[in-house]
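Number of protein chains: 2
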Amino acid sequence: MSNNEGFVLRLESFLPYRLVVAASLVSQATARTYATKYGIGIAEWRVIAQLGEFGTMTAKQIGTRSHMHKTKVSRAVATLTKKKMLAKRANRDDKREAFLSLSPIGLEVYESIAPSAQALSQRMFGEVSSEDRAAFERVLDTVTARAAALADTGAELPD
Amino acid sequence: MSNNEGFVLRLESFLPYRLVVAASLVSQATARTYATKYGIGIAEWRVIAQLGEFGTMTAKQIGTRSHMHKTKVSRAVATLTKKKMLAKRANRDDKREAFLSLSPIGLEVYESIAPSAQALSQRMFGEVSSEDRAAFERVLDTVTARAAALADTGAELPD
DNA sequence: GTAAACTAGTTACAAATGAAACCAATGTCA
DNA sequence: TGACATTGGTTTCATTTGTAACTAGTTTAC
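Protein sequences, first through last, are from chains A and B.
Each residue of the first sequence is one higher than the last, beginning at 17 in my numbering.
Each residue of the second sequence is one higher than the last, beginning at 17 in my numbering.
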């Protein structure tokens with residue numbers, strides 16, 4: 017049964033909506049992976065992934081790079097520390113922050129999860145042509161930039 | 017500072033990650049819009065959007081179409097009902113479910129938000145070429161399908 | 001040098017969320 | 001018909017999340 021107002025939004029073809037739905041499914045599929053394998057959540061995995069890639073970072077840097085809220089990072093770091101997956105080294109020059117890196121155990125986890133994350137990605141994006149993939153990345157880039165700008169300016173909307 | 021293990025995952029070029037980050041920013045930017053304008057959250061807006069587009073649906077149908085958890089739908093419907101934005105009509109043939117539609121107030125809200133959602137989308141995707149947009153949609157489609165399959169089979173991972 | 005402003009990170013609290021239990025109604029199968 | 005399974009929807013409960021307040025440390029400006 018359809019409506020008869022002036023303006024109807026076709027959700028199925030509404031890009032922001034489709035983007036969010038796709039991401040939520042991807043996220044769900046991915047979470048299951050990490051979670052059930054090592055008892056860590058998405059936030060924890062992201063911390064590990066950052067440290068696995070960059071070696072040593074502060075919590076602040078992790079938060080910035082991974083677009084995670086600082087409390088989320090804080091908690092993820094806490095649970096990973098409890099699991100002995102992280103090494104924390106004080107910064108003599110600024111005692112507020114600390115340098116974080118993967119412990120041997122953490123490194124093992126990274127080394128084990130990273131390839132299966134890659135494989136999972138392959139399953140999801142594998143059959144996409146490389147032109148489409150390039151286009152997809154371009155769009156993601158511009159949208160990410162635009163949305164970020166809108167999100168933190170709290171931009172006034174057009175009515 | 018970089019690591020020296022065998023396998024390193026470059027997050028910046030890892031599509032699932034980028035997809036999720038983009039979606040989260042879009043979602044955030046969007047939420048701010050609806051939320052601050054009518055005191056409704058994303059879930060509520062999605063319910064309104066479905067009803068605005070399709071006229072009359074059961075809670076179940078809304079959940080299926082919008083990929084929302086049934087408790088989320090239930091609660092969104094409850095708060096929208098409290099705000100007099102919904103009309104509920106019993107189904108004589110199956111008393112478990114009820115037919116939901118927008119009340120005049122709900123319709124007003126829809127008529128007001130839908131265009132500004134469109135405008136917001138335009139801001140985010142506006143400068144994307146139509147070829148890139150088409151490619152983007154194709155990729156979203158395939159990924160959504162793939163991820164959905166993986167998500168609910170609880171698929172065994174490749175190690 | 002010191003007061004005020006600021007920053008990294010944690011904690012307390014309230015709201016949002018999902019899993020599972022639940023209720024009422026419907027369907028199935030003998 | 002009547003037991004059993006199933007379904008639409010709500011509620012309960014534990015967990016997750018973000019906002020705001022807070023602590024400790026650092027920078028700025030006078």
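For every residue, glycine included, the Cβ atom is placed at its ideal position computed from N, Cα and C.
Hey, residue i and residue j: beta-carbon distance below 9 Å or not?
| i | j | result |
| --- | --- | --- |
| A/SER119 | A/ALA130 | no |
| B/LEU67 | B/SER117 | yes |
| B/ILE64 | B/TYR126 | yes |
| A/MET140 | B/LEU31 | yes |
| B/HIS83 | A/LEU41 | yes |
| B/VAL144 | B/LEU35 | no |
| B/ARG62 | B/MET73 | no |
| A/ARG162 | B/ASP148 | no |
| B/LYS53 | B/SER146 | no |
| A/GLY71 | A/LYS99 | no |
| A/GLU69 | B/LEU96 | no |
Let's test the definition: count the other Cβ atoms within 10 Å of the Cβ of residue i and tell me whether it reaches 16, buried, or not, exposed.
| i | result |
| --- | --- |
| A/PRO174 | Below a pLDDT of 50, predicted positions are generally treated as unreliable, and A/PRO174, at 32, falls in that range; the measurement from the model is reported next regardless. Classification for A/PRO174: exposed. |
| B/GLN138 | exposed |
| B/GLY22 | exposed |
| B/GLY122 | buried |
| A/THR87 | exposed |
| A/SER43 | buried |
| B/ALA151 | buried |
| B/SER18 | For B/SER18, the predicted model reports a pLDDT of 45, less than 50, meaning its position is unreliable and no value from the coordinates is stated. |
| B/ALA38 | buried |
| B/GLU60 | buried |
| A/ALA94 | exposed |
Spell out the partners DSSP gives residue i in its beta bridges.
| i | result |
| --- | --- |
| B/ALA59 | For B/ALA59, which the question treats as bridged, DSSP gives no partner whatsoever. |
| B/PHE115 | B/ARG105 |
| A/PHE73 | Checking the sequence shown, residue 73 of chain A turns out to be Met, not Phe. DSSP output for A/MET73 lists A/LEU116 as bridge partner(s). |
Once you ignore the five residues that flank residue i on each side, which residues in its own chain have a CB closer than 7 Å to its CB?
| i | result |
| --- | --- |
| B/SER90 | ALA75 |
| A/ALA106 | ALA114 |
| A/ALA51 | GLY57 |
Which residues in the same chain have their Cβ closer than 8 Å to the Cβ of residue i, if we skip the five residues on either side of it in sequence?
| i | result |
| --- | --- |
| B/ALA47 | GLY57 and ILE58 |
| B/ALA45 | LEU136 and MET140 |
| B/ASN20 | Here B/ASN20 scores only 47 on pLDDT, less than 50, and its place in the model is too uncertain to base an answer on. |
| A/ASP157 | none |
Looking only at its chain, what residues have a beta carbon closer than 6 Å to the beta carbon of residue i, apart from the 5 residues adjacent to it on each side?
| i | result |
| --- | --- |
| A/TYR33 | LEU27 |
The stretch 104 to 135 of chain B: positions lying closer than 7 Å to chain A by Cβ | LEU123, GLU127, ALA130, PRO131, SER132, ALA133, GLN134 and ALA135
Cβ-based contacts, 9 Å cut-off: residues of the stretch 66 to 87 of chain B near chain A = GLN66, LEU67, GLY68, GLU69, PHE70, GLY71, THR72, MET73, ARG81, SER82 and HIS83
Closer than 9 Å, Cβ to any Cβ of chain A: which residues of the stretch 31 to 42 of chain B, in chain order?
-> LEU31, PRO32, TYR33, ARG34, LEU35, VAL36, VAL37, ALA38, ALA39, SER40, LEU41 and VAL42
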